[in-house]
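Undergrad:
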Amino acid sequence: MAKVDSAIKNETKNIAIVVLILSALMQAVYLFIHHWNYTVLLGNLLGGGAGILNFFLMGISLQKALDKDAKDASATARLSQTYRNFMLLAILAIAYFVPCFDIIPTIISLFFATIGVYSKVFTMKKDVNNKAQEVAQE
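Numbering-wise (the numbering used here), the sequence shown opens with residue 133 and increments by one.
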């Protein structure tokens with residue numbers, strides 16, 4: 133097994149922080165509307181954990197794909213995406229059929245990792261624009 137690249141570890145940590153913040157916010161909303169119970173917390177943990185794991189596994193598969201030629205890299209990425217989608221489907225099935233999980237917080241918290249990725253893209257774009265303006269002013 134190849135060593136996990138430090139960039140993957142750092143980005144997964146950043147995504148986990150965003151998921152944690154958004155999960156706390158969702159728990160606060162459920163408390164505020166008086167609909168909170170332990171199933172909300174467990175569903176949130178299941179969905180948030182699955183989102184983070186999905187991101188981490190995607191990073192590992194892309195790291196492996198970089199060591200291959202274009203055709204094999206594409207096949208590796210597609211196969212990884214298929215397996216990860218089945219994993220997410222299985223997690224949603226577990227949340228639906230096992231009564232200790234609330235399905236709604238599970239579904240919502242699955243998207244928290246995606247929100248973390250998009251927030252990173254927007255902050256990177258802002259940094260690039262700021263650096264471009266600094267260079268233009270020089």
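Cβ coordinates follow ideal geometry from the N, Cα and C atoms, glycine included.
Thinking just about the alpha-carbon of each residue, which of 234, 252, 136, 245 is nearest to the one in residue 169?
TA: To locate residue 169, count along the sequence shown from 1; it is residue 37. With respect to the C-alpha of residue 169, the residue from 234, 252, 136, 245 having the closest C-alpha is 234.
Undergrad: Within 10 angstroms of the Cβ of residue 158, are there 16 or more other Cβ atoms? Answer buried if so, exposed if not.
TA: Counted from its first residue, the sequence shown places residue 158 at position 26. Per the 10 Å Cβ criterion, buried.
Undergrad: Figure out for me which residue from 166, 209, 206, 246 has the closest Cα to the Cα of residue 180.
TA: Looking up residue 180 in the sequence shown gives position 48. Residue nearest to residue 180 within the set 166, 209, 206, 246 is 246 (criterion: CA-CA distance).
Undergrad: Who are the near neighbours of residue 238 in its chain, counting only those whose CB is closer than 6 Å to its CB and skipping five residues on each side?
TA: For the purposes of this step, residue 238 is taken as the residue at position 106 of the sequence shown. Counting only Cβ-Cβ distances below 6 Å, and skipping sequence neighbours, we find 175, 178, 179, 227.
Undergrad: Apart from the five residues on each side of it in sequence, which residues of its chain come closer than 8 Å, Cβ to Cβ, to residue 198?
TA: In the sequence shown, counting from the first residue as 1, residue 198 sits at position 66. Counting only Cβ-Cβ distances below 8 Å, and skipping sequence neighbours, we find 205.
Undergrad: Our contact map puts residue 182 next to residue 242 with C-beta atoms below 8 Å; I'd like the distance itself, whole angstroms only.
TA: On the sequence shown, residue 182 is found 50 positions in, with the first residue counted as 1. On the sequence shown, residue 242 is found 110 positions in, with the first residue counted as 1. 6 Å between Cβ atoms; contact.
Undergrad: What's the gap between the Cα of residue 172 and the Cα of residue 210?
TA: Residue 172 sits at position 40 when you count from the first residue of the sequence shown. Residue 210 sits at position 78 when you count from the first residue of the sequence shown. About 33 Å.
Undergrad: Let me make sure I understand the geometry here. Which of 187, 160, 253, 164 has the alpha-carbon closest to that of residue 217?
TA: Counted from its first residue, the sequence shown places residue 217 at position 85. Ranking 187, 160, 253, 164 by Cα distance to residue 217 puts 187 first.
Undergrad: Quick check: what's the CA-CA separation for residue 221 versus residue 240?
TA: Counted from its first residue, the sequence shown places residue 221 at position 89. Counted from its first residue, the sequence shown places residue 240 at position 108. About 14 Å.
Undergrad: Using the Cα positions of residue 94 and residue 192, report the straight-line distance between them to the nearest angstrom.
TA: A question about residue 94 goes unanswered here, because the residues of the chain that appear run from 133 up to 270.
Undergrad: Could you give the uninterrupted runs of the alpha helix (DSSP H) lying entirely in the stretch 184–263, keeping only those of 4 residues or more?
TA: DSSP runs (the alpha helix (DSSP H)) wholly in the stretch 184–263: 202–229, 235–242.
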